[in-house]
Each structure stands twice: as structure tokens, then as C-alpha cells.
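Novice: Right, I'll just put the structure down here and ask away after.
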């Protein structure tokens, strides 16, 4: 079943087409990688899906329902959560509160605070941050802030999780931990779309990869197909 | 050590609050008339500073519309409690003044809360000037009125109504900060975009908070008008009431609930006494105090307290660090 699909998704910034006429789809339970050189339009596409931006023209559907034009909080409550390329945590709030926020306002806003607290504690355990639950988020290392952001996004109980460069700036050990985390999230039955530059990560965890270049989709396929695709190699390495 | 400080705090805070409350409620009995009037004006400034901080302190949106909401309250009094005979009872007018301010805030908020940073500040300040000039033109050229008089109200009554608004405001602030709504508010101040993507209807939360804070500003203005007795647009919409609460809240420190209270309290008292004791150099002394406070107390007066405590029992703190 298609959980997410886009038709002719386009976004201009002035005269520049950041994303131009992109068709894409994501199946339920898949891990889809979104790659491409800098400025290819990957983050813009993420912003279009999560409604930080509105496509013009183009339509995006989530579980068959049109979501273009909705407010970000509505899309979150429908079951789409995301993280940001530049980590966005609530710096002065303790780690636990960061996650609690998602439980309280996400997919099931009517939840009692005791249930929300229990759930947030479980999620901290899931991402391995139980030891720092009372620390203000800004005092965490980058890797831990990224995990916290993932926990906070998971707290909204998404069916689709979008990760924007989860591995960027992490050490090889942390990247390995990050990949393991992505796999465990998928095992929970959550569909994942991830933007990534760390090729090792994307090749090993993704079922399918979409390649963007200058705002256009130039290739799509299994990791193996992508690594052998002539167009992709040209884009990354030049002719 | 942690447990003992916790339990003693549990006794101390409500105890202290009770003592302050009793002292305030009985002030008209033991204090002079001057004290009651002074306390009323200090309370008025505290209400403005706390309600300003309730919205601007937590969301980070610098509002300079305080004078507009305060002025709307003042005009509610001018229209409904004229010296020629009051239309409605005082308390009803106070609530009405607050409600009208809230409604203005709802409209203005829905229109402008998409503006960020300096643009929001400028717009809100523009609102004050706009209302002021519009009203001035209306009174001068359309209905030909020069100034209005508000009925006289007993000073003790003014004081008690102001005190009641203050207590209600403190309770509201306390419960908001502890609630789910307060958590959402704080998250908006920390990172609005992330908050929106966690399922928070950021616009709604901001507009509601803006309206709540405007309610208290308007209510305070309504009572204040009975103390002013003479009102024209320049008195009611004095831009100074937009800037003073900001200075007071920053002076006191916005990190804690009682920061703006202490800031506004000391600030207003200082202003009042310096003005009577040293009328020639009052602004000079006032300015120096303010500059020193901003330079040396980045977290305001309340930021000083933990620093002093830390210095006072350095040994105990080291022990705590060893524990964690």
C-alpha cells in the first residue's frame, strides 16, 4: 500500500526551481533513501511533505488523503513526523520534556500526563538516553541531540518518519549506532524516508533510493541499481 | 541534603506567600493613605510587567502593545464610569475592560503573530500610536470632546480591586506554567518551527496567550482610570506604558515566575521615591541603576539569588556535584 505519494511536486524560489515536477511514492513499511548532491532539493522536498512549504503546483497525498495546504501541526497529527537537518531541539527544556511534548500534542493529544510521561520514558530508553533524562537538551552532544530529536518525533506516534541527515557530523561509531536505530524503528512498523549523505548508511538500510539532481528526479531503484546507474555516477563524479 | 531543602521549601514558599498576602490585604488598616496609593501604583506596574512576561517572556515575541490594551481598559472606564454617573458597577466594568482588551488582542494577534522579531515589535507599537491618533482625531473633529472625567472611587477600593487582579494574574500565570498549555508555550519560545512539527497549533497557542495577557492589562487600566480621574487619548495611550513593563521584567529577570514581580516592584518603588526625594536628579539616578542592572545582572535581579546562594555554601554544592 502506498502511504505517501507525490504528483508533479514543484517549488520555485524566485526563478529557481528547487524541486521541479517530481513524482514519487513511498510504500508502507519501506525505508526510502533520498540522495543527491548539495542543492538538489532534498530538504525542500521534505519541507513540502511536512508542510513547512506548499508545493506550487503539485499534490502530495498521505494514505490517499491530500495533505497539500494543511498546517504542519495537522500533518503531524495525521501521522507524519520529521527531524531537521540542523538539529531543532528545545534547548532549555530537559530531555524528558522534549519527548513529552510529542506525546502530549502528537497523534493522540487527549492522552493523560501520566501515560505521556510513561511513554516518553520508554522512548528515551528506546533511543538510549535514559541516563540524561533531566539534562537540558542544549547540553547534550550532537549525536545525543539527534537521538533526542528522533525520540521526540517518535513520541507523536507517526506512521511515517522523515529523517533529514541523521548521520551528518557523527563519528563512524555513532553512524553505526544511528543505522541500528533506523533499523529498530522500521521493525516497529514505521515507514521511513531519509535524506543522507553517508553512503554506507543509506546503502545498507534502505530498500529503495530516490536520487534528486537540480530539483529533478533522475533515478530511482534498489541500492544496487543506484550504485551501478550511469546517470547517478555522472552526477556525483562528473563525466 | 536534597530531601531537607525540598521539604523546607515546601513549608517556606506557601508560608511566605501567605505572610505577603496578609500584609497586603491589611495594608489599608495599618498603612497611611500615601502607602495605599503607592502600593496601588506598584501593583499596577507589577500586573503590566507580569502579564507582558506571560506572553513575551515565554514566546520571545517582543510586544509593545501593552499601552494599547491598558488604554482600552482606561477608556472602558471613561465611557462606563463617567463622573456624571456610572452606567455599570465597578467590578463589571473592570471585567468588561479586560474582555474588550482581550478581543482587540485576538484580532491583532491573529493578524500579526506571523510577523517575527523586530517586525512584530514595531507593529505592536504602531498599534498604540494608531489608536491614540485615531481616537484623538475622533474626539477633536467628530464628536468635539476635550477630555473626559471618571467618577471618584475610594482609594481603598481601588487598591483592593488592583490587588484582586494581581492575585488572579499570579494564579493564572502559575497554572499556565504548570500545564500542558504552558509546555507548548515554552516550546514555541525555544523553537517555534520544531514545535509546529510536533503537533502544536502554534498560532492558536500564541493568540490565546496574547489575549489572556491583554485581559489583565485592560483590567488594570480600567481600575487605574478611576485613580487618574481625568482622561484624554494622550493620557490613556501613553507609549511609556509599553516600554516600562519591558524594562521592569528584564530588570527583574524573566526566567522565573516571580522575576517580573520583583523587578516591577522595586522599579516602581524606586521611581516613586526618587521622584519625591530627588526630583532634580531622579532621572539621572534611575538611569544609572538601570544601566548597572543591565550590564551586571544579565539574568535580572532574580538571577542574582542563585549566584549568592552558591557563593554562600560552596562546600555544599561541591558535595552535590560529587553525588551526581
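Protein chains in written order, with the numbering used here: chain V, 78 to 316; chain G, 128 to 451.
From the three backbone atoms N, C-alpha and C, an ideal C-beta is built for every residue, glycine too.
(1) Taking 9 Å as the CB-CB cut-off, is residue 310/G touching chain V?
(2) Taking residue 224/G as the reference, give the member of 184/G, 326/G, 204/G with the closest Cα.
(3) I need the boundaries of the alpha helix (DSSP H) containing residue 283/G, first residue and last residue.
(4) Beta-carbon within less than 6 Å of residue 394/G's beta-carbon, same chain only, minus the 5 sequence neighbours each way: which residues are those?
(5) Roughly how far, in whole angstroms, is the beta-carbon of residue 246/V from the beta-carbon of residue 214/V, given that I think they are within contact range, below 8 Å?
(6) With DSSP as the reference, please indicate the residues paired to residue 325/G in a beta bridge.
(7) Taking 8 Å as the cut-off, is the beta-carbon of residue 299/V closer than that to any non-hydrogen atom of the ligand COA?
(8) Taking Cβ positions only, does residue 314/G come closer than 9 Å to chain V?
(9) Could you tell me whether the Cβ atoms of residue 327/G and residue 311/G are closer together than 9 Å?
(10) For residue 110/V, which of helix, strand or coil comes out of DSSP?
(11) State yes or no: is the beta carbon of residue 95/V nearer than 9 Å to at least one beta carbon in chain G?
(12) Under three-state DSSP, which class holds residue 360/G?
(13) Anything in chain V within Cβ reach of residue 244/G, meaning under 9 Å, just list it in chain order.
(14) Specify the secondary structure class of residue 211/V as computed by DSSP and reduced to three states.
(15) Would residue 285/V and residue 108/V be called neighbours here (beta carbons separated by less than 9 Å)?
(16) Determine the chain V residues that contact residue 427/G at a beta-carbon separation under 8 Å, and present them in chain order.
(17) Does the Cβ-Cβ distance between residue 188/G and residue 138/G come in under 9 Å?
(18) Using CA atoms only, rank isn't needed, just tell me which of 221/V, 94/V, 149/V, 300/V is closest to residue 110/V.
(19) Check whether the segment 198-209 of chain V touches the segment 173-185 of chain V, counting contact only when three or more Cβ pairs, one atom from each stretch, lie closer than 8 Å.
(20) Answer with buried or exposed for residue 315/G, where buried requires no fewer than 16 other C-beta atoms within 10 angstroms of its C-beta.
(21) Tell me, please, whether the segment 334-351 of chain G touches the segment 253-273 of chain G by the rule of three or more beta-carbon pairs shorter than 8 Å.
(22) Listing by chain order, which chain G residues have their CB less than 7 Å from the CB of residue 169/V?
(23) If you draw a straight line from the alpha carbon of residue 149/V to that of residue 128/V, how long is it in whole angstroms?
(24) Measure the CB-CB distance between residue 199/V and residue 137/V and report whether it falls below 9 Å.
(25) Should the segment 271-284 of chain G be called in touch with the segment 207-225 of chain G, which here means at least 3 C-beta pairs below 8 Å?
(26) With distances taken between CB atoms, is the gap from residue 88/V to residue 120/V smaller than 9 Å?
(27) Among the residues of its own chain, which have a CB less than 6 Å from the CB of residue 289/V, if the five just before and after it don't count?
(28) What did DSSP end up calling residue 102/V once you bin it into helix, strand or coil?
(29) Can you list, in chain order, the stretches of the alpha helix (DSSP H) that have 4 or more residues and sit fully within the segment 199-262 of chain G?
(30) Would you please verify whether the beta carbon of residue 166/V is less than 9 Å from any beta carbon of chain G?
(31) Within the segment 109-159 of chain V, note down every full alpha helix (DSSP H) run reaching 4 residues or more, in order along the chain.
(32) Nearest by alpha-carbon distance to residue 227/G: which of 349/G, 429/G, 381/G is it?
(33) Within a Cβ cutoff of 7 Å, which residues of the same chain sit near residue 309/G, ignoring the five residues on either side of it in sequence?
(34) Cutting at 7 Å between CB atoms, please list the residues of its own chain near residue 193/V, excluding the five before and the five after it.
Specialist: Reading it off the structure:
(1) Yes - at least one Cβ of chain V is within 9 Å of the one on residue 310/G.
(2) That would be 204/G, whose Cα lies nearest to the Cα of residue 224/G.
(3) Residue range 282-305 is occupied by the alpha helix (DSSP H) that includes residue 283/G.
(4) 375, 378
(5) 17 Å between Cβ atoms; not a contact.
(6) Bridge partners of residue 325/G: none, in fact.
(7) Of ligands this structure carries none, so the ligand COA is not represented either.
(8) yes
(9) yes
(10) DSSP places residue 110/V within a strand segment (E or B) once states are collapsed to three.
(11) no
(12) helix
(13) By Cβ distance, chain V contributes nothing, its closest Cβ being about 18 Å from residue 244/G, past 9 Å.
(14) Note: residue 211/V maps to coil in three-state DSSP.
(15) A distance below 9 Å separates the beta carbons of residue 285/V and residue 108/V.
(16) Neighbours of residue 427/G on chain V: none; closest Cβ ~16 Å, over 8 Å.
(17) no
(18) Nearest option by C-alpha distance: 300/V.
(19) yes
(20) buried
(21) no
(22) 317
(23) 5 Å
(24) no
(25) yes
(26) no
(27) 113, 117, 118, 119
(28) strand
(29) 217-239
(30) yes
(31) 119-126, 149-155
(32) 349/G
(33) 303
(34) 177, 180, 181
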